[in-house]
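Comments concern the structure below.
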Amino acid sequence: MERVLSGMQPSGYLHIGNLVGALSNWVRLQDRYDCYYFVADWHALTTNYTNPSIIKEYTKDLLLNFLAAGLDPEKCTIFVQSQILEHAELHILLSMITPLGWLERVPTYKEKKEEIKELDIGSYGFLGYPVLQSADILIYRAKYVPVGIDQVPHLEITREIARRFNYLYKTDVLPEPEPLLTEFPKVTGLDGRKMSKSYDNAIYLNDPPEVVERKVLTMMTDTQRARRTDPGDPERSPVYQLHRIFSSKEELEEVAQGCRTASIGCIDCKRILLKNLFRVLEPLWQRRKELSDNPEKLREIVNAGIEKARRVAQETMELVRGVMSIY
Ligand code: TRP
Numbered sequence: 001m002e003r004v005l006s007g008m009q010p011s012g013y014l015h016i017g018n019l020v021g022a023l024s025n026w027v028r029l030q031d032r033y034d035c036y037y038f039v040a041d042w043h044a045l046t047t048n049y050t051n052p053s054i055i056k057e058y059t060k061d062l063l064l065n066f067l068a069a070g071l072d073p074e075k076c077t078i079f080v081q082s083q084i085l086e087h088a089e090l091h092i093l094l095s096m097i098t099p100l101g102w103l104e105r106v107p108t109y110k111e112k113k114e115e116i117k118e119l120d121i122g123s124y125g126f127l128g129y130p131v132l133q134s135a136d137i138l139i140y141r142a143k144y145v146p147v148g149i150d151q152v153p154h155l156e157i158t159r160e161i162a163r164r165f166n167y168l169y170k171t172d173v174l175p176e177p178e179p180l181l182t183e184f185p186k187v188t189g190l191d192g193r194k195m196s197k198s199y200d201n202a203i204y205l206n207d208p209p210e211v212v213e214r215k216v217l218t219m220m221t222d223t224q225r226a227r228r229t230d231p232g233d234p235e236r237s238p239v240y241q242l243h244r245i246f247s248s249k250e251e252l253e254e255v256a257q258g259c260r261t262a263s264i265g266c267i268d269c270k271r272i273l274l275k276n277l278f279r280v281l282e283p284l285w286q287r288r289k290e291l292s293d294n295p296e297k298l299r300e301i302v303n304a305g306i307e308k309a310r311r312v313a314q315e316t317m318e319l320v321r322g323v324m325s326i327y
């Protein structure tokens, strides 16, 4: 089976946007590929070095939710980046052959630097983010990397670094990976903007059912539909956008029609959404509870994943040290 690798930064608790975006896609891929999925905790340090303890908390949340969402440790390998020191070794070797100009022109570098004003991210580590990501990918000699469109520049630089490495050391030990681009539905947040932890408009996977219910019932709707008897426009309602993802075609049609004709109210519409949301979340909550009740089991699964990943990483490093004639 061809190898797939992907990682997620522990920079917040996972929400339903992450679930229907990346995570469900990872679950689908585990049947078709030899998948390696990891928590990129070193990457989270690049923007969170002032408060590293929270990264550990988010890392645990990610691991728990990876399994709760249906990643099966019999089918895929789950691990934590910082536990495989070989990533750091490959990172330093690759950093020797990576021109600064390549890093400075990565669009995410420029954007983030502008965006995050409250923190000094003019660090060496932050500039080198894509080199670390390249090491993450190349060390498993992965063929495919499932990512969102925002990560394509990082994949491009990974390919360039691999090409340069192979050219300089006249080898083929680092195959060029390809992005596996999947069209993710854009998940709307409680306030109508894109669901994001930074907007405080998310439904988190670890929200208890009462909180999910409260969040949905107090969600914004069509603000121009002032009274229950006024006809509304579903397109203006963030609730309708969530129906698009979680509800059946029939229900979608029913709530749209009901909204336009004022035959249903916003609360009725939200109740239908809640029913469908709960249908998706309940099995996840169930598995999460089983794992939380049995922390030993989670630790065992992750330790086994770490060991398996480490063996592959060590194999690659043998080859890399060989072609680079490292003492
Ligand atoms: N940069 C990725 C993100 O922010 C996370 C990541 C780190 C990653 N290393 C990776 C993704 C390797 C894919 C492969 O989403």
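Quick note on the numbering used here: the sequence shown kicks off at 1 and runs consecutively. The beta carbon of each residue, even a glycine, is placed where N, CA and C say it ideally should be.
Inset, instruction - Return yes when the C-beta of S24 is under 7 Å from any heavy atom of the ligand SAM, and no when it is not. - result: Because the ligand SAM does not appear in the structure shown, any question about it cannot be addressed here, the ligands present being the ligand TRP.
Legend entry - Span separating the alpha-carbon of L119 from that of L127: Along the sequence shown, read from residue 1 onward, the residue named residue 119 stands at position 119. Along the sequence shown, read from residue 1 onward, the residue named residue 127 stands at position 127. C-alpha separation (whole angstroms): 14 Å.
Inset, instruction - Would you give the residue range spanned by the alpha helix (DSSP H) that L64 belongs to? - result: Here residue 64 corresponds to residue number 64 of the sequence shown, with the count starting at 1. Run containing L64: S53 to A68, per the alpha helix (DSSP H) assignment.
Legend entry - Paired residues, beta bridge with F79 - DSSP: Taking the sequence shown and counting its residues from 1, one reaches residue 79 at position 79. Looking at the DSSP assignment, F79 forms a beta bridge with F38.
Legend entry - Runs of beta strand (DSSP E) lying entirely within the region 149-178, each at least 3 residues, in chain order: none
Legend entry - C-beta contact flag for L242 and L273 at 8 Å: The sequence position of residue 242 within the sequence shown is 242, counting from 1. The sequence position of residue 273 within the sequence shown is 273, counting from 1. Yes, the pair counts as a contact, with Cβ atoms nearer than the cut-off.
Inset, instruction - Classify G101 as helix, strand or coil using the three-state DSSP reduction. - result: Sequence index remark: in the sequence shown, residue 101 carries index 101 (1-based). In the structure shown, G101 sits in a helix (DSSP, three-state: H, G or I).
Legend entry - T158 to P238 span [Cα, whole Å]: Position 158 of the sequence shown, counted from the start, is the residue given in the question as residue 158. Position 238 of the sequence shown, counted from the start, is the residue given in the question as residue 238. Answer to the nearest angstrom: the Cα atoms are 37 Å apart.
Inset, instruction - Run the CB neighbour count on A256, radius 10 Å, all protein chains shown included, and call it buried at 16 or more, exposed below. - result: In the sequence shown, counting from the first residue as 1, residue 256 sits at position 256. Burial call: buried.
Legend entry - the ligand TRP heavy atom lying under 7 Å from the CB of L5: As a working mapping, residue 5 is identified with position 5 in the sequence shown. Yes; taking the cut-off as 7 Å, the Cβ of L5 has a heavy atom of the ligand TRP nearer than that.
Inset, instruction - Measure the CB-CB distance between L23 and D61 and report whether it falls below 8 Å. - result: By one-based count along the sequence shown, residue 23 stands at place 23. By one-based count along the sequence shown, residue 61 stands at place 61. Contact flag unset, no.
Legend entry - Neighbourhood of T188 by C-beta distance below 8 Å, restricted to the same chain and skipping five residues each side: Locating residue 188 in the sequence shown gives position 188, counting from the first residue. Around T188: K194, M195, P238, Q241 and L242.
Legend entry - Residues of its chain near T229, where Cβ-Cβ distance is below 7 Å and the 5 sequence neighbours each way are ignored: The residue you call residue 229 lines up with position 229 of the sequence shown. The answer, listed in chain order, is A262.
Inset, instruction - Note down the Cα distance separating E282 from D207, rounded to an integer number of angstroms. - result: In the sequence shown, the residue the question calls residue 282 occupies position 282. In the sequence shown, the residue the question calls residue 207 occupies position 207. Between E282 and D207, the C-alpha separation is close to 12 Å.
Inset, instruction - Please decide whether D222 counts as near chain B, where near means a Cβ-Cβ distance under 8 Å. - result: In the displayed structure, chain B is absent; only one protein chain is listed.
Inset, instruction - State the Cα-Cα distance for the pair K75 and D31, rounded to the nearest angstrom. - result: For the purposes of this step, residue 75 is taken as the residue at position 75 of the sequence shown. For the purposes of this step, residue 31 is taken as the residue at position 31 of the sequence shown. Distance between the alpha carbons of K75 and D31: 7 Å.
Inset, instruction - Return the residue from the list V312, C269 and D222 that minimises the CA-CA distance to L85. - result: Along the sequence shown, read from residue 1 onward, the residue named residue 85 stands at position 85. The residue with the shortest Cα to Cα distance from L85 is V312.
Inset, instruction - Could you tell me which of W26, R163 and G12 sits nearest to S53, measuring between CA atoms? - result: Indexing the sequence shown from 1 puts residue 53 at position 53. Of the candidates W26, R163 and G12, the one whose C-alpha sits nearest the C-alpha of S53 is G12.
Legend entry - Of the residues V20, T47, K197 and F38, the one placed nearest K113, counting alpha carbons only: For this step, residue 113 is matched to residue 113 along the sequence shown. Looking at the Cα atoms, T47 is the closest of the given residues.
Inset, instruction - Give the range of the beta strand (DSSP E) segment to which V147 is assigned. - result: If you number the sequence shown from 1, residue 147 lands on position 147. Note, V147: beta strand (DSSP E), Y144 to V147.
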